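Asker: Here you go, one structure.
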Ligand SMILES: Nc1ncnc2c1ncn2[C@@H]1O[C@H](COP(=O)(O)OP(=O)(O)OP(=O)(O)O)[C@@H](O)[C@H]1O
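In the working numbering, the protein residues as written are 81 to 505.
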């Protein structure tokens, strides 16, 4: 408290004062007030100078704005790094895709609990910074949620996502498979959009019967490079997926414009998790323009799993450390939840199996009920798709489903006919 006025004078913060200071578990913290006209951004820019002036270790000083007063802040000096040791993961806590996901802990031991429903998530950082670790925490929580279906894209031969396979509805490990998967994801998107327009609802509400769809992409830059077509589909999902509960969870080393493809993907990412980057300016690539200058110093993160998170409600550069998920944790989680994973709802699944697109032709003048039974009775061995039945009857999907479920047989995914009398039986 005595030393501050001199130090402040030397680093261009003359007139700022220490109001009170207390010792805490990791060091000490002080409530500070600024001279009129000074801002917390001025202080953030001087953090290395403050560390030098106070004689702390590099990286010991944290500056947190006072949400109630622009001329005040809290300065914390961490004599010891609260994140020096790995923080073990205790298993999933989310039970619905609507629950915030606990990624790890802040330096004051508060949970980092980030809502992910209807949000696209970008995880960035250099090799070895812990991207797969963060993906594993998120996936480990989502597999415990019965209202979300997971698809994965992993062009490193499935190296990262393979352990989760029993919990993934699909895994793509080649550019061609990835392209098919993302094209299918757009079909699901369109089917959902159509159904919602018909029922005049605005949001797809995830439930066990109508799950959300999350597409995990490990090393997005790789995908963008190897499969430009995939980027077009991903773009579409990024722009339109939120209301339809279809979102992307992408990890990448350096999300340059080139690596992220030409489209809008990067700007559509709502939750950004930035692990260690090589250079100051790389922070901006992951978190957004100007973030490095605003005190988000991801190049200073000094151990794997340490990260900054930028999202709605996470507006300050607070350092966090992700839980460490071990291979055993993954195995145990997969074993526990593999049998409980939901399937896509029928509407979405049908969008993948039907070859034709419903054109809106309506056969009028006939009794739809009679037309339905006639079509199902005369259906070929491999059955008829719901889209075909919609065209034949002119009725809506839900109307058809109700009747199919009560009376017909599904011969393969999304294809139906009337049960045949068994010969000789
Ligand atoms: N939260 C964490 N806490 C402690 N150690 C961690 C954490 N996350 C990762 N590590 C350590 O760092 C190593 C690298 O992590 P990880 O494989 O997740 O990095 P990555 O960013 O995905 O790297 P790459 O891009 O090469 O795949 C891990 O083997 C683990 O030992």
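From the three backbone atoms N, C-alpha and C, an ideal C-beta is built for every residue, glycine too. On a predicted model such as this, the values are computed, not experimentally measured, just so you know.
Which residues does DSSP list as the beta-bridge partners of residue 276?
Answerer: Residue 276 pairs with nothing; no bridge assigned.
Asker: In chain order, which beta strand (DSSP E) runs of at least 3 residues are fully inside the segment 107 to 185?
Answerer: 107 to 113, 141 to 146 and 149 to 158
Asker: Of the choices 253, 364, 213 and 150, whose alpha-carbon is the least far from that of residue 347?
Answerer: 364
Asker: Provide the residue span of the beta strand (DSSP E) that contains residue 497, from first to last.
Answerer: 495 to 497
Asker: At 3 residues or longer, and completely inside the segment 250 to 326: list those beta strand (DSSP E) runs for me, N to C.
Answerer: 250 to 252 and 292 to 298
Asker: Between residue 403 and ligand 1, is there a pair consisting of the residue's CB and a ligand heavy atom that are separated by less than 7 angstroms?
Answerer: yes
Asker: Quick check on residue 330: does DSSP put it in helix, strand or coil?
Answerer: strand
Asker: Ignore the nearest five residues each way along the sequence and tell me which others in residue 331's own chain have a CB closer than 6 angstroms to its CB.
Answerer: 203, 211, 215 and 298
Asker: Below 8 angstroms, can you find three or more Cβ-Cβ pairs linking the segment 349 to 357 to the segment 228 to 236?
Answerer: no
Asker: So, for residue 201: in the same chain, excluding its five sequence neighbours on each side, which residues have a beta-carbon less than 6 angstroms away from its beta-carbon?
Answerer: Cβ within range, chain order: 329 and 351.
Asker: Do the segment 117 to 132 and the segment 369 to 377 make contact, defined as three or more Cβ pairs closer than 8 angstroms?
Answerer: yes
Asker: Residues in its own chain within less than 8 angstroms of residue 404 by CB, not counting five upstream and five downstream?
Answerer: 166, 167, 168, 169, 213 and 385
Asker: Is the segment 300 to 308 in contact with the segment 276 to 290, if contact means three or more CB pairs nearer than 8 angstroms?
Answerer: no
Asker: Alpha carbon to alpha carbon, how far is residue 463 from residue 360? Give it in angstroms, no decimals.
Answerer: When rounded, the distance between both Cα atoms is 59 angstroms.
Asker: Quick check: what's the CA-CA separation for residue 151 versus residue 85?
Answerer: 17 angstroms
Asker: Between the alpha carbons of residue 317 and residue 326, how many angstroms are there, rounded?
Answerer: 7 angstroms
Asker: Measure the C-alpha to C-alpha separation of residue 243 and residue 233 and round it to an integer number of angstroms.
Answerer: Spanning the alpha carbons of residue 243 and residue 233 requires a straight line of approximately 13 angstroms.
Asker: Out of curiosity, what's the CA-to-CA distance linking residue 498 and residue 484?
Answerer: 9 angstroms
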